[in-house]
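Residues 1 to 300 in the numbering used here are what the sequence shown lists, from first letter to last.
Structure record follows, encoded as structure tokens.
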Amino acid sequence: MSDKERIKALIREVEIYRKQGLLEESKEKYEEILKFLQGHERYSKDKKLIEALQRKIRAVEKTLDEIESAPETPEISQEVHALIRRLFSFSENQDTAVMEGAIALAKFGQYDEAIRAFQDLIQEGIMPLVAAKNALMCHVTLSSPDAAITQFKQWLSQETFSTKELRYLRSTLGDYFAKRGITADLPQVSEPIPGEVQEKEEEVIIDISSFVVQWEHGPRAGQRTEFDVSFQSGNKISAILPAQQEDLVAVLEPGLQLSEIEYFSPIAVFKGKGTISGMKKISSGPKRGDYSLDMTVEIE
């Protein structure tokens with residue numbers, strides 16, 4: 001690989017980091033490129049290239065500073081708050097019950113069966129976007145990124161999802177990969193044809209990616225614990241607790257209400273409560289021995 005090709009490859013790599021929101025990694029990679037240029041006999045004389053790279057480093061540093069200085073819980077608009085309340089306060093119905101049945105398979109390690117159940121829901125038009133998102137999570141949990149990409153390509157070739165929904169699924173899959181350090185080239189979603197009317201009503205989803213519990217009592221009183229959400233159906237979310245966290249397993253009994261919770265989603269950070277609805281030990285699959293925590297989200 002020539003020096004020019006190496007620089008291009010490094011720049012492509014750093015742009016991938018930036019798109020995935022990996023700012024610290026982006027800065028380190030930019031600095032690696034800068035160091036290479038400054039020590040190069042030819043490129044060390046290219047002031048424009050070096051200055052352009054320095055501007056990129058400053059831009060990343062500025063963004064990192066803004067994130068560091070931002071308030072822990074940013075204000076959200078009335079419109080977003082109303083949307084959150086509406087989406088997390090609906091009544092139980094048959095569709096959500098069927099979806100939770102499919103999610104239950106995944107929570108207990110039956111990922112292949114869960115994927116088939118989610119695919120059936122998509123074909124039947126029952127909460128298809130939620131089903132698709134959870135199917136992708138199953139593929140990733142099974143360490144099958146190729147299968148997840150193949151599934152996404154199939155949806156691209158079909159008319160099941162709108163362009164907007166396909167972009168959401170692509171972004172979701174990219175986030176899943178990024179969290180696990182998986183590098184993959186995801187297919188792009190083509191632009192809709194000008195004048196094309198998409199008649200199907202699109203689902204509105206607010207993903208909860210994680211939540212933080214502020215403990216008021218017990219051995220962790222005054223501490224904060226973050227949980228990554230593994231599956232979600234409406235206002236019901238699930239998280240995996242490692243077997244080593246048995247102290248939390250003992251505390252988080254069904255029926256327990258947690259009153260100080262911060263929920264994190266791509267569009268907002270919002271406060272609320274949560275009621276523990278279940279805690280089961282996983283008996284099969286890659287998470288065998290860990291615990292699956294179920295919680296109902298309650299918005300203030």
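Glycine included, every Cβ here is placed at the ideal spot set by N, Cα and C.
In this text the structure is predicted, and so the values were computed from the model without any measurement.
Next item on the list: Using DSSP bridges, identify the partner residues of S238.
Entry: F231, D294
Notebook entry, point to check: DSSP on Q110, reduced to helix/strand/coil?
Noted result: Coil at Q110, not helix or strand.
Note to self: DSSP three-state label for M127, please.
What the structure shows: Correct three-state label for M127: coil.
Margin query: Which residue marks the beginning of the alpha helix (DSSP H) containing L23, and which one marks its end?
Written below: Element bounds for L23: 23-38.
Next item on the list: Closer than 6 Å by C-beta to K167: which residues in its own chain qualify, once you throw out the five before and the five after it? Chain order, please.
Entry: For clarity, residue 167 is Arg in the given sequence; the question names Lys instead. Contacts found: V189.
Checklist line | Integer Cβ distance of A106 from L121, believed to fall under 8 Å | finding: Actually they are not in contact, since the Cβ atoms of A106 and L121 sit about 12 Å apart, beyond 8 Å.
Checklist line | DSSP-derived helix/strand/coil call for T141 | finding: helix
Checklist line | Local Cβ density within 10 Å of T150, reported as buried at 16 or more and exposed below that | finding: exposed
Note to self: Tell me whether the region 226-245 and the region 128-142 touch, counting them as touching only if at least three CB pairs, one residue from each stretch, are closer than 8 Å.
What the structure shows: Contact between the region 226-245 and the region 128-142 is present, because at least three Cβ pairs lie under 8 Å.
Notebook entry, point to check: Which runs of the alpha helix (DSSP H) fall wholly inside the region 134-190 and span at least 4 residues, in chain order?
Noted result: With a minimum length of 4 residues, the continuous alpha helix (DSSP H) runs that stay inside the region 134-190 are 145-157, 163-179.
Item checked: S259 versus K273: straight-line alpha-carbon distance, rounded -> 5 Å
Check: Looking at the unbroken alpha helix (DSSP H) that takes in L248, where does it start and where does it end?
Finding: 246-251
Notebook entry, point to check: Leaving out the 5 sequence neighbours to the left and right, which residues in its chain are closer than 7 Å to A221 when beta-carbon positions are compared?
Noted result: W215
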